[in-house]
Structures are given as C-alpha cells and as structure tokens.
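To convert a position in the sequence shown, counted from 1, into my numbering, add 15. Backbone N, C-alpha and C fix where the C-beta goes; we use that ideal spot for every residue, glycine too.
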Amino acid sequence: MSAAPVTGRFAPTPSGRLHLGNLLCALLAYLSARRAGGRFLLRIEDLDAPRCPRSLAKAAMEDLAFLGIRWDEPPLYQSERAQIYQRYAETLTQMGLTYPCFCSRAQLHAAFAPNRGDALPVYAGACAHLTAEEIALRARVRRPALRLRVSDETLTVQDGCQGAYSANLASDCGDFIIRRSDGLCAYHLAVVVDDALSGVTQVVRGRDILPSTPQQIYLQRLLRFPTPEYAHIPLLEDPEGRRLAKRDGDLGLSSLSRRFSRDAILGMLAFSVGLLEENRPCDMDALIAGFDWARVRREDARLPSEIFAGA
Ligand code: GLU
Numbered sequence: 016m017s018a019a020p021v022t023g024r025f026a027p028t029p030s031g032r033l034h035l036g037n038l039l040c041a042l043l044a045y046l047s048a049r050r051a052g053g054r055f056l057l058r059i060e061d062l063d064a065p066r067c068p069r070s071l072a073k074a075a076m077e078d079l080a081f082l083g084i085r086w087d088e089p090p091l092y093q094s095e096r097a098q099i100y101q102r103y104a105e106t107l108t109q110m111g112l113t114y115p116c117f118c119s120r121a122q123l124h125a126a127f128a129p130n131r132g133d134a135l136p137v138y139a140g141a142c143a144h145l146t147a148e149e150i151a152l153r154a155r156v157r158r159p160a161l162r163l164r165v166s167d168e169t170l171t172v173q174d175g176c177q178g179a180y181s182a183n184l185a186s187d188c189g190d191f192i193i194r195r196s197d198g199l200c201a202y203h204l205a206v207v208v209d210d211a212l213s214g215v216t217q218v219v220r221g222r223d224i225l226p227s228t229p230q231q232i233y234l235q236r237l238l239r240f241p242t243p244e245y246a247h248i249p250l251l252e253d254p255e256g257r258r259l260a261k262r263d264g265d266l267g268l269s270s271l272s273r274r275f276s277r278d279a280i281l282g283m284l285a286f287s288v289g290l291l292e293e294n295r296p297c298d299m300d301a302l303i304a305g306f307d308w309a310r311v312r313r314e315d316a317r318l319p320s321e322i323f324a325g326a
C-alpha cells in the first residue's frame, strides 16, 4: 500500500457479537494503518437500526478495546446519517441516473437473469423504462426502492491482498438499489459516502465483499470521490473448514478471553493469516512493527484447533 497519509477504518455491522473473523479484519485494518503511521476510525454500520442495538455496538467496542485497538475519533453511527445519504441519492437522481423500482422480492427472485457461478444476482431491468403514468399508478400501491443505472464498462479493483479483480456492472450486477423501499439507504451508497466524508484512504475488509466493490468504485466515480486502497482479507474457517459466521459469535472474546490472554489471541489471529510463523503470544506493538501486506496470505485461513477445544 502507498506511502501517502493513511486513514484506515473498521466498519462492523453489530447485528451479533463480533466473531474472530470480524476481529481479524479489525486487527489487520489497524495494523496496516498504524504501520503506515496513519489514523484509524471506527464506524458502526447500524443502518438497519432495529437489528443492530446499541448494546451490541458497545460490546463490539469493548472487544476492540480489549485487543488494544484504538480509534482516533468518536465512532460514526450510520443510523444517525440518513439525511446525508439522502442528499447523495438526490444528487444521483438529479444526474438522471436513478429510477423507482417497484419489484417485490418474489418478482426479483423470479426475474433474476442467469449469471456466472456464485456472482451477485443480475437485475433484469423490469422497472428500468417505466413511463410517468406507470410510475404514478404503481406508487399508489407500493413504495418504490431507488435503483441506479450502471454503465457497460469493466471496472477493476486493484486489491492489496487478492490482486486485481474486474467486473462489468451491466453484465455482472445490473442496475442496483441505492435506497430501499422502506426508505433506508442501501449499504453501498452509505459505505461510499461515509468513507469519502471521513477521508478514509484504506479499506480493509473480508474478501466476501470484493465482488461488490466495483459497485462502490462506480459510485465513487459518479460522486467524484477518490477511490481508497482496498485489501480484502481471507475469511476464517473452523478446523473442519467451515467459514465462521454470526452463529459463531459465542466464539467471541467474551468466552475466549476467559481462556487466553490478549497477546495469545492476537498471536493466534496473526498466525492464522501468516503474519507469525508459529502460534505464540505476541503484543500489539510487535505486530505493528512487523506488519507487511506481503506476508498476509490471500487464501482462507483455518483457526488453530485449541481455540475450539472447550469453547
Ligand atoms: N459492515 C460490513 C460488515 O460488517 C463491512 C463493510 C465494510 O467494511 O465496508 O461486514
């Protein structure tokens, strides 16, 4: 990653307790920013506020603090920023790039065009060319979502961990939603706006988000925001090779910290992605001093089995 002033961030969605994969992400984002002498921010992605109670955001902050991860400004809460996102949705609308979409979930499932492998579903465009009368008629019975028209061009993410990743939004994704029918801003627009307004230069997050990063780059271009550097990191698996998920939240710090020291947990996380050659306790300062993206492996990583014993 580059030598320009760095601002990194961690942006959890606190709809459950953080699991070790989330903590690995926070750790790598933190190490990368601090190794570069940069700032580090925390953003609580609680757009869907009822699913993300403040108690879980607080628990996430306690977990980060336990690991020694510190943020330089008060955290942003997406649930408090609806008006900001709305302004940018209006900008895109004034540019003539959006249209109301009345498709129900069931219609979308039925109408998804076939697509490659496990790529994102492609929107087939049912609402892309409605007349003003059709829109008025449908708006009487249903609140529309707002969709953004995409362009037929290939966008490439130069990813610091996974290498180059390209997608053509027209064929790989189709027009996508920037405001849901319930009025909530969609994730991609919120992330792009927040990263840009906070001056984030470095985005470190799980590699499951890499396939939708071209959508975010497209939004950055339209809104004339700079594109940050990206590193999409490996996902963590249990010893049987199953990916960790929210259900593994009990494999979180509240139980692990009863069995392992902070440095032992940091060491296990660092070891799991190749930053340490052996599984041994290591403190944060040593991890920062030794951090190098070239050593972070790109393949998904298995956690040491001792983590699971007695969990
Ligand atoms: N909030 C997302 C998550 O918890 C991460 C989004 C991002 O880092 O851009 O998976």
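In this structure, what does DSSP give as the bridge partners for Asn-183? Thr-169
With C-beta atoms as the reference, is Thr-28 less than 9 Å away from Thr-216? no
Can you check which of these residues, Ser-276, Ala-309, Ala-151 and Thr-108, is closest to Cys-297 by C-alpha distance? Ser-276
key: For Ile-248 and Arg-222, believed in contact at Cβ under 8 Å, the rounded distance   = 6 Å
Practice problem: Please report how far the alpha carbon of Arg-120 lies from the alpha carbon of Leu-163, in whole angstroms. | Solution: 17 Å
- Message: Can you confirm whether the stretch 172-179 touches the stretch 241-258 when touching is taken to mean that 3 or more C-beta pairs between the two stretches lie within less than 8 Å?
- Response: yes
Looking at Pro-27 and the ligand GLU, is the gap between the Cβ and the nearest heavy atom below 8 Å? yes
| query | Which two residues bound the contiguous beta strand (DSSP E) that contains His-247? | reply | 244-248
Please say whether Val-218 and Arg-24 have beta carbons closer to each other than 9 Å?
yes
Cβ contact (3+ pairs, closer than 8 Å) linking the stretch 53-63 and the stretch 86-94:
yes
Quiz item: When burial is assigned at 16 or more other CB atoms within 10 Å of the CB, is Gly-132 buried or exposed?
Solution: Bear in mind that the predicted position of Gly-132 carries a pLDDT of just 49, short of 50, making it unreliable; the figure below should be weighed with that in mind. It counts as exposed.
For this session: Give a yes or no on contact between the stretch 106-121 and the stretch 137-145, applying the rule of three or more CB pairs nearer than 8 Å.
Result: yes
### Query
Measuring CB to CB, does Leu-15 end up less than 9 Å from Leu-71?
Look at the range of the chain in this structure, 16 to 326, and you will see that residue 15 is not part of it.
Taking only three categories from DSSP, how would you classify Arg-317? strand
| message | For a minimum of 4 consecutive residues, which ranges assigned as the alpha helix (DSSP H) are wholly contained in the stretch 184-244? | response | 184-187, 202-212 and 228-237
> Can you tell which of Phe-55, Gln-177, Ser-270 and Gly-289 has the C-alpha that lies nearest to the C-alpha of Thr-228?
Replying inline: Gln-177
For a test of the three-state rule: what should DSSP assign to Cys-40, helix, strand or coil? helix
**Q.** Beta-carbon gap between Leu-79 and Leu-38 smaller than 9 Å
**A.** yes
* To do: In the DSSP assignment, find the unbroken alpha helix (DSSP H) run with Phe-286 in it and report its ends.
  => 277-287
Q.
According to DSSP, is Thr-106 part of a helix, a strand, or is it coil?
A. helix
Give every residue of the same chain whose Cβ lies closer than 7 Å to the Cβ of Arg-158, excluding the five residues on either side of it in the sequence, and list them in chain order. Ser-196
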